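S.K.: Residue numbers (our numbering): 937 to 1193.
C-beta: ideal position from N, C-alpha, C; glycine also.
All values derive from a computational prediction rather than experimental measurement.
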Amino acid sequence: AGAGAGAGAGAGAGAGAGASMKVIFLDVDGVLLPFGDECDQDKFTSESMESLSATMAATSATLVLSSTWRCGRQQEVLQQFSSFCKQHPASPLRSLLLQDQFPHTTCPRMHNYRQWEIAEWLRQAEEEGMKVSGWCAIDDEELVSCSPGDGGGTHNVRYARMFQGRCVKTASSRGLLMEHVEACKQALSLKYEGVQEESANAMRKEKEEGGRERARKEKRKRAEEAPKATLSSATRQEAEGGGQGSRRERGRRNERE
């Protein structure tokens, strides 16, 4: 399935055309499956599953699998969801067990940057008439910062403004924790107006900030030039005064002669 199929299938399974929905873009490695020397490399942790279930229960959000596990390993994820739901039969995750694959995934054929993959899903969903009123991305990757020092990069510049405040970053060695539930709720509460509108708003903000920055530079320039202008005026007056004094002195010498 492509990006369009991933979004379109979700429209039928998760929400009717035109219905409003909140979306969680879910990573697996480093979120449900922490990795490290002391981590079980095969089983999702109890706390990560409980935290995800609590988030969905509190927000009624729809899951979109954004992990690389969307490519050939969806059933493994659902099997672990099934094991969890046997112990927690009231979990909202149970609704995903009616099918043998996720109704929503980012495009399995698109493999570049996670930020771009999520933005493309949102764009396709918008084109297909899905109404996403809020969303968040749960991931151990940096999806906002453009600084390599923060784990990001210049590739995040493209949609940095749109992702601001909507990403819940987990520690790869610990995964999703109960303390992240509130952060997810806050992120999902942010109003989302669609990729096109968000991009237009970002451009307007950039222009406004650019205008303010130009005004600040112009103000600093005038402030720096003011003392120079005052000094130049004083120097000119001093020179003129000196010239007048010299003329008077020459006049007195001529009178004496």
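Who are the near neighbours of L1001 in its chain, counting only those whose CB is closer than 6 Å to its CB and skipping five residues on each side?
M.R.: Result list for L1001: L962, F1038 and T1041, in chain order.
S.K.: Do you know how far the Cα of L999 is from the Cα of V1068?
M.R.: Rounded to the nearest angstrom, the two C-alpha atoms are 12 Å apart.
S.K.: Taking the straight line between their C-alpha atoms, what separation do you get for E1053 and R1094?
M.R.: For E1053 and R1094, the distance between alpha carbons rounds to 12 Å.
S.K.: CB F1020 to CB L1029, shorter than 8 Å?
M.R.: For F1020 and L1029, yes; Cβs fall inside 8 Å.
S.K.: Since F961 is in the beta strand (DSSP E), which residue starts that stretch and which ends it?
M.R.: Run containing F961: S956 to L962, per the beta strand (DSSP E) assignment.
S.K.: Compute the distance between the beta-carbons of S996 and H1024, then report whether it is under 8 Å.
M.R.: No, the pair does not count as a contact, with Cβ atoms beyond the cut-off.
S.K.: Quick one: measure Cβ to Cβ for V959 and I1074, integer angstroms, because I've assumed they're closer than 8 Å.
M.R.: Contact flag wrong, Cβ pair sits at about 11 Å.
S.K.: For the segment 1047 to 1084, list the alpha helix (DSSP H) runs that are entirely contained and at least 4 residues long, ordered along the chain.
M.R.: For the segment 1047 to 1084, whole alpha helix (DSSP H) runs of length 4 or above, ordered along the chain, are 1050 to 1063.
S.K.: Any chance you could list the alpha helix (DSSP H) runs of at least 4 consecutive residues sitting entirely within the segment 968 to 1055, in chain order?
M.R.: DSSP runs (the alpha helix (DSSP H)) wholly in the segment 968 to 1055: 982 to 995 and 1010 to 1023.
S.K.: Between V1197 and G1089, which are expected to be in contact by the criterion C-beta below 8 Å, what is the C-beta distance as a whole number of angstroms?
M.R.: Given that the chain is displayed from residue 937 to residue 1193, the structure contains no residue 1197 and the question cannot be resolved.
S.K.: I'd like to confirm the pairing. Which residues does DSSP put opposite A1107 in its beta bridges?
M.R.: Partner(s): G1111.
S.K.: Quick check: C1072 and V1104, are their CB atoms within less than 8 Å of each other?
M.R.: Result yes, Cβ atoms of C1072 and V1104 sit closer than 8 Å.
S.K.: Taking Cβ positions, are F971 and S1109 nearer each other than 8 Å?
M.R.: Yes, the pair counts as a contact, with Cβ atoms nearer than the cut-off.
S.K.: Throw me the rounded Cβ distance for the S1027 and G1070 pair, which I believe falls under 8 Å.
M.R.: With a Cβ gap of about 21 Å, S1027 and G1070 do not count as contacting.
S.K.: Any idea if A1123 is buried or exposed, counting beta-carbon neighbours within 10 angstroms, 16 or more meaning buried?
M.R.: A1123 should be labelled buried.
S.K.: Comparing alpha-carbon positions, which option in G1101, E1160 and Q1132 lies nearest E1056?
M.R.: It is Q1132 whose Cα lies nearest to the Cα of E1056.
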